[in-house]
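Engineer: Residue numbers (our numbering): 3 to 396. Just so you know, even glycine gets a beta-carbon here, dropped at the ideal spot from N, CA and C. Just so we're clear, the structure is a prediction, and the values are computed from it rather than from any experiment.
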């Protein structure tokens, strides 16, 4: 029996928690954490990279869990990890507790996304699968907007940030309950065991372009999510509102821009994969330049955040359905390979950017990240070149 809507709703909630507050909450509240725990820019970069390292390690464990136990256990672990990590952040008394809670919560992003490729392969008809995966991926937008709204509501209140993290943890618990139901009684996978030569199949030439864009966006997006609010706050915030309100406004715009991810499958059908990928990296380039050079201008900041949100959601959907196309017999493992490259970029980007901000300043480091997106636009192969590599994704 098809389980399209239970999977789509449960998956959207899981990505909303894992890739919303669990993944971006540290960057959203970084100005508060700086004051509360006396964090330097380099220390903040290391904590952010540590969180993304937790995401990376959880991805590797998830691939094994899904193959051996199915998607339900991995998603449940992710929801409970998010809940526990958020509680630790809420009660943190020092930077070490903050770091531990941030890293634990961020592991949920590794547990809560790729299993839905396997779940969709089992429980969603082929004709509805690509759209379902796009809906699941775009759950992140709601999570980011929700985090921004809550941060806005408590801005300026003593210890208001702690209340928000408690609310985050309760939302993670509710999401666990929804997915324990939604992922129950899925049909057995047609490929319950991993075929021989599976590792080699993940790194063959047809998959190179996908892995490269995942690494590229991981580098720049990890830096953006970690330091955009901090850069805005150091520049004085948006005119007309307090500095404490500027970060939540940025994240609300980022989440709102991500709504375009719902249309990813339709856009690809109209313009093709090549134009879609190049166009979205142009958006990434503009997003980084605008926030880096014009952080205190309302129009520039809102456009930057909305473009970054669109990049996150559209590329999330692309990673999901492109990896499924390349690895139809290994839906979770193939997607995990793509997310692993993305996670490596997430680990490297904030740590390297945090140290580069010393000599370059945050503005200069944002411009340097924009150069990475520009290189991706220039060097991404067109369809004939990808077909020569053995990939016929259109």
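For residue 182 and residue 168, what's the separation of their Cα atoms in angstroms?
Structural biologist: Distance between the alpha carbons of residue 182 and residue 168: 22 Å.
Engineer: Should residue 80 and residue 20 be called a contact, given that it needs their Cβ atoms to be closer than 8 Å?
Structural biologist: Yes, the pair counts as a contact, with Cβ atoms nearer than the cut-off.
Engineer: From the DSSP output, in three-state form, read off residue 3 for me.
Structural biologist: Caution is warranted here: a pLDDT of 48 is assigned to residue 3, below 50, making its placement in the model unreliable, and the coordinate value is therefore given only provisionally. Of the three classes helix, strand and coil, the one that applies to residue 3 here is coil, per DSSP.
Engineer: Which residues bound the alpha helix (DSSP H) around residue 232?
Structural biologist: 210-236 is the extent of the alpha helix (DSSP H) around residue 232.
Engineer: With three or more beta-carbon pairs closer than 8 Å as the criterion, would you say the stretch 120-133 touches the stretch 232-246?
Structural biologist: No contact exists between the stretch 120-133 and the stretch 232-246.
Engineer: Comparing C-alpha positions only, which one of 23, 49, 112, 32 sits nearest to residue 60?
Structural biologist: Nearest option by C-alpha distance: 112.
Engineer: Measuring alpha carbon to alpha carbon, tell me which of 320, 224, 176 ends up nearest residue 54.
Structural biologist: With distances taken between Cα atoms, residue 54 lies closest to 224.
Engineer: Compute the Euclidean distance between the alpha carbons of residue 70 and residue 234, then round it to the nearest angstrom.
Structural biologist: Distance between the alpha carbons of residue 70 and residue 234: 45 Å.
Engineer: With DSSP collapsed to three states, give me the class of residue 324.
Structural biologist: DSSP places residue 324 in helix when its eight states are reduced to three.
Engineer: Expressed to the nearest angstrom, what Euclidean distance is found between the alpha-carbon atoms of residue 260 and residue 320?
Structural biologist: Roughly 13 Å separates the two Cα atoms.
Engineer: Just confirm the distance between the C-beta atoms of residue 325 and residue 139, as a whole number of angstroms; I'd bet it's less than 8 Å.
Structural biologist: Not a contact, Cβ separation roughly 12 Å.
Engineer: Unbroken alpha helix (DSSP H) runs of length 4 or more, entirely within the stretch 80-139: which are they?
Structural biologist: Correct list: 97-113, 117-125.
Engineer: Just to confirm, is the Cβ distance from residue 28 to residue 345 under 8 Å?
Structural biologist: No.
Engineer: Alpha carbon to alpha carbon, what distance is there between residue 38 and residue 160?
Structural biologist: Their backbone Cα atoms lie some 11 Å apart in a straight line.
Engineer: Give a yes or no on contact between the stretch 75-95 and the stretch 373-387, applying the rule of three or more CB pairs nearer than 8 Å.
Structural biologist: The answer is no - the stretch 373-387 does not touch the stretch 75-95, with fewer than three Cβ pairs under 8 Å.
Engineer: Do you know offhand how far residue 30's Cα is from residue 188's?
Structural biologist: Spanning the two alpha carbons is a distance of roughly 36 Å.
Engineer: Is it true that the CB of residue 64 sits closer than 8 Å to the CB of residue 117?
Structural biologist: Yes, the Cβ-Cβ distance between residue 117 and residue 64 is below 8 Å.
Engineer: Applying the criterion that 16 or more other CB atoms from any shown protein chain within 10 Å of the CB defines a buried residue, is residue 271 buried or exposed?
Structural biologist: Looking at its Cβ environment, which holds fewer than 16 other Cβ atoms inside 10 Å, residue 271 is exposed.
Engineer: Put residue 310 into one of helix, strand or coil per three-state DSSP.
Structural biologist: Residue state, collapsed to three classes: helix.
Engineer: Can you tell me which of the three DSSP states residue 406 falls into?
Structural biologist: Any question about residue 406 goes unanswered here, given that the chain covers just 3 to 396.
Engineer: Grab me the residues of residue 342's own chain with a C-beta within less than 6 Å of its C-beta, minus the 5 sequence neighbours each way, in chain order.
Structural biologist: The answer, listed in chain order, is 61.
Engineer: Just to confirm my understanding: we take residue 76, look at its own chain, exclude 5 residues before and 5 after, and list those with CB closer than 6 Å. What are they?
Structural biologist: Cβ within range, chain order: 64, 67, 68, 113, 117.
Engineer: Under 8 Å by Cβ, that's how I've got residue 367 and residue 384 pegged, so tell me the actual separation to the nearest angstrom.
Structural biologist: Residue 367 to residue 384, Cβ: 31 Å. No contact.
Engineer: Measuring alpha carbon to alpha carbon, tell me which of 349, 287, 17, 347 ends up nearest residue 180.
Structural biologist: Among 349, 287, 17, 347, the Cα nearest to that of residue 180 is on 17.
Engineer: State the Cα-Cα distance for the pair residue 283 and residue 237, rounded to the nearest angstrom.
Structural biologist: In a straight line, the C-alpha of residue 283 is about 26 Å away from that of residue 237.
Engineer: Measuring straight from C-alpha to C-alpha, what distance separates residue 93 and residue 164?
Structural biologist: If you take the alpha carbons of residue 93 and residue 164, they lie about 7 Å apart.
Engineer: Helix or strand or just coil, what does DSSP make of residue 42?
Structural biologist: In the structure shown, residue 42 sits in coil (DSSP, three-state: anything other than H, G, I, E or B).
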